[in-house]
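Participant: Numbering (our numbering), first residue to last: 9 to 258. Note that CB positions come from ideal geometry on N, CA and C, so glycine has one too. Below is the structure I would like to discuss, written out as structure tokens.
Below is the structure:
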């Protein structure tokens, strides 16, 4: 980062690269939780497929397509969450906490509406989407049935991804690590075994909504806890200084 007329510009020149100010540490502290989340997502998918296979090929095909249907909502919400993260990161870096909170209020409300609309569309068009992948009647019935279950908590996707990206933008590495490990690992994988033991094949499907509900509650609690550590007087002091300058006082 090099200064230009009081501002800054990102440089990719090797001579401008630096390992000072704990830059690599901060990058890894935020990047590692995100990468572990993706790794655990793949691992949990392997476990689901392996355990669902015991109920037959049609059930396995059905859960695969059902997850793809709900992924439509999930991917849109992930994109929105990642899109707002740089703006939140700038506000956190500049200590503009009031602006940060304003962006968060808008983002949470917008993401909730977005996920509600996407969930509604996926529910209304679920049979058409499933039919594009499956034609065998038994597999089709499984897929529609599983989709109905998975869509019960897809309304939470938008809020979840906004909050997890907000934690990363704030540099809250430990809370972000806990959430990423929990949703697809510490919560979801144990739920697969527990609910399968209690409900059989249907329990395997309900494990994802249960994990979504618990992980959203967890990320909300961690976000509120992290927000309590933020200074609230920074913006007020700056506004007071601006008013003083306009009034001509030193």
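1. Leaving out five residues on either side along the sequence, give the residues of the same chain with a beta carbon under 6 Å from the beta carbon of residue 41.
2. Indicate whether the contact test is met: 3 or more Cβ pairs, each with one atom in the segment 82-89 and one in the segment 223-232, closer than 8 Å.
3. Can you check whether the CB of residue 193 is closer than 8 Å to the CB of residue 48?
4. Once you ignore the five residues that flank residue 169 on each side, which residues in its own chain have a CB closer than 6 Å to its CB?
5. To which residues of the same chain is residue 23 closer than 8 Å at the C-beta, ignoring the five residues directly before and after it?
6. If residue 213 sits next to residue 158, beta carbons under 8 Å apart, how far is it from one beta carbon to the other, in whole angstroms?
7. If you draw a straight line from the alpha carbon of residue 70 to that of residue 51, how long is it in whole angstroms?
8. Rounded to the nearest angstrom, what separates residue 3 and residue 221 at their Cα positions?
9. For residue 178, name the three-state secondary structure that DSSP assigns.
10. Tell me which residues share the same chain as residue 195 and place their Cβ nearer than 6 Å to its Cβ, disregarding the 5 neighbours each side in the sequence.
11. Exposed or buried, residue 217, counting other C-beta atoms within 10 Å across all chains shown (16 or more means buried)?
12. Which residues in the same chain as residue 100 place their Cβ atom closer than 8 Å to its Cβ, once the five residues preceding and following it in sequence are excluded?
13. Measure the alpha-carbon distance for residue 144 versus residue 160 and round it to whole angstroms.
Facilitator: Taking the definition as stated:
1. Taking the first residue of the chain shown as 1, we reach residue 41 at position 33. The beta carbon of residue 41 lies closer than 6 Å to those of 184, 185 and 188 in the same chain, with the five residues before and after it left out.
2. Using a C-beta cut-off of 8 Å, the segment 82-89 makes no contact with the segment 223-232, since fewer than three inter-stretch Cβ pairs fall below that distance.
3. The residue given as residue 48 occupies position 40 in the chain shown. The residue given as residue 193 occupies position 185 in the chain shown. Their beta carbons are under 8 Å apart, which means residue 48 touches residue 193 by this criterion.
4. Reading the chain shown from its first residue, position 161 is the one you call residue 169. Listed in chain order, the non-local C-beta contacts of residue 169 below 6 Å within the same chain comprise 85, 86 and 89, local neighbours out to five positions each way being set aside.
5. Position 15 of the chain shown, counted from the start, is the residue given in the question as residue 23. Around residue 23: no qualifying Cβ.
6. As a position in the chain shown, residue 213 is number 205, starting the count at 1. As a position in the chain shown, residue 158 is number 150, starting the count at 1. About 7 Å; that satisfies the 8 Å criterion.
7. Reading the chain shown from its first residue, position 62 is the one you call residue 70. Reading the chain shown from its first residue, position 43 is the one you call residue 51. Approximately 19 Å between the Cα atoms of the pair.
8. Outside the modelled stretch of the chain, which goes from 9 to 258, sits residue 3, for which no answer is possible.
9. As a first step, residue 178 is located in the chain shown; it is residue number 170 there, counting from the start. Coil at residue 178, not helix or strand.
10. Here the question's residue 195 lines up with position 187 in the chain shown. Cβ within range, chain order: 219, 222 and 223.
11. Translated into the one-based positions of the chain shown, residue 217 becomes position 209. Under this definition residue 217 is a buried residue.
12. Against the chain shown, residue 100 aligns to sequence position 92. Around residue 100: 108, 177, 178 and 179.
13. Within the chain shown, the letter at position 136 stands for residue 144. Within the chain shown, the letter at position 152 stands for residue 160. Rounded to whole angstroms, the separation of the alpha carbons of residue 160 and residue 144 is 25 Å.
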